[in-house]
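Scroll down for the structure; my scribbles are underneath it.
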Ligand SMILES: CC(C)(COP(=O)(O)OP(=O)(O)OC[C@H]1O[C@@H](n2cnc3c(N)ncnc32)[C@H](O)[C@@H]1OP(=O)(O)O)[C@@H](O)C(=O)NCCC(=O)NCCS
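In my numbering, the protein residues as written are 1 to 203.
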């Protein structure tokens, strides 16, 4: 049986470990360059090594548990270069509707909703209590923080970060690596940079 190795033993790593164990994954441990990251936390599998030094084993399967899209990309590429394979985790309390395609290395967290006809790339996290509505395209390495709502027909490019409790109205397009601040309501397409506020403006 494959054993799950979680990249990142910080807050999101601990959350992803719990979700994975909930659905029956055998979690082998974490990769993190801070070997003390779990010192104050009981009951977790061990930190095995840093991602840089770790040697991929035959029965390993990986997932990145980091919020920053840049770091997700860095570590996913590092492990893929070593031949590592990624899996996705979908918590059983998530609603996943018809024609929802999910890439590899994704985390779909508790109490999320992916309604219908949605394409989601690789290494995307849809964090707790978020929703993505019909006919959306989500690129690779996107982070959807807790309590975000993406309305229908939106397109979100690679590396976008949606801050906690942000929202997109229908038909919005978000360009590569855009950062949407916490609580922002995006009412028009954003090509680049950072936006915040209601309605969201560049800042
Ligand atoms: C945007 C963000 C990164 C802060 O950036 P920052 O440059 O450090 O911001 P500062 O705290 O220095 O504030 C700069 C200004 O922006 C305002 N501001 C900061 N965050 C804001 C937000 N989310 N919405 C509106 N205004 C915001 C501040 O009030 C301040 O305004 P002022 O210049 O009038 O005083 C942060 O607020 C944010 O949204 N982070 C997302 C975190 C998140 O969702 N994490 C997910 C965890 S699971």
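The C-beta atom is built at its ideal place from N, Cα and C for all residues, glycine as well.
Beta-bridge partners of residue i, as assigned by DSSP
i: residue 194; result: 179
i: residue 18; result: According to DSSP, residue 18 bridges with nothing at all.
i: residue 119; result: 101 and 137
i: residue 30; result: 6 and 47
i: residue 90; result: 108
i: residue 35; result: Paired residues: none, contrary to the question.
i: residue 149; result: 131 and 167
i: residue 161; result: 143 and 179
i: residue 186; result: 168
i: residue 156; result: 138 and 174
i: residue 124; result: In DSSP, residue 124 forms no bridge with anything.
i: residue 201; result: 196
Minimum C-alpha distance to residue i - residue among the options
i: residue 155; options: 89, 172, 82 and 198; result: 172
i: residue 46; options: 55, 36, 53 and 52; result: 36
i: residue 184; options: 177, 175, 148 and 170; result: 148
i: residue 130; options: 157, 166 and 152; result: 166
i: residue 145; options: 153, 81, 135 and 128; result: 128
i: residue 2; options: 12, 157, 13 and 24; result: 24
i: residue 116; options: 108, 122 and 100; result: 100
i: residue 123; options: 135, 106 and 132; result: 106
i: residue 139; options: 111, 104, 112 and 110; result: 104
i: residue 77; options: 88, 89, 90 and 63; result: 63
i: residue 20; options: 33, 6 and 11; result: 6
i: residue 157; options: 79, 143, 97 and 8; result: 143
i: residue 182; options: 194, 136, 82 and 174; result: 194
i: residue 66; options: 92, 169 and 8; result: 8
i: residue 134; options: 161, 30 and 169; result: 169
i: residue 34; options: 87, 141 and 10; result: 10
i: residue 119; options: 109, 91 and 152; result: 152
i: residue 18; options: 203, 186 and 44; result: 44
For residue i, the first and last residue of its enclosing beta strand (DSSP E)
i: residue 48; result: 47-49
i: residue 62; result: 60-64
Outcome for residue i when other beta-carbon atoms lying within 10 angstroms are tallied against a minimum of 16
i: residue 163; result: buried
i: residue 60; result: buried
i: residue 41; result: exposed
i: residue 95; result: exposed
i: residue 50; result: exposed
i: residue 177; result: buried
i: residue 121; result: buried
i: residue 73; result: buried
i: residue 84; result: buried
i: residue 200; result: buried
i: residue 13; result: buried
i: residue 197; result: exposed
i: residue 112; result: buried
Residue i: first and last residue of the uninterrupted alpha helix (DSSP H) it sits in
i: residue 71; result: 69-81
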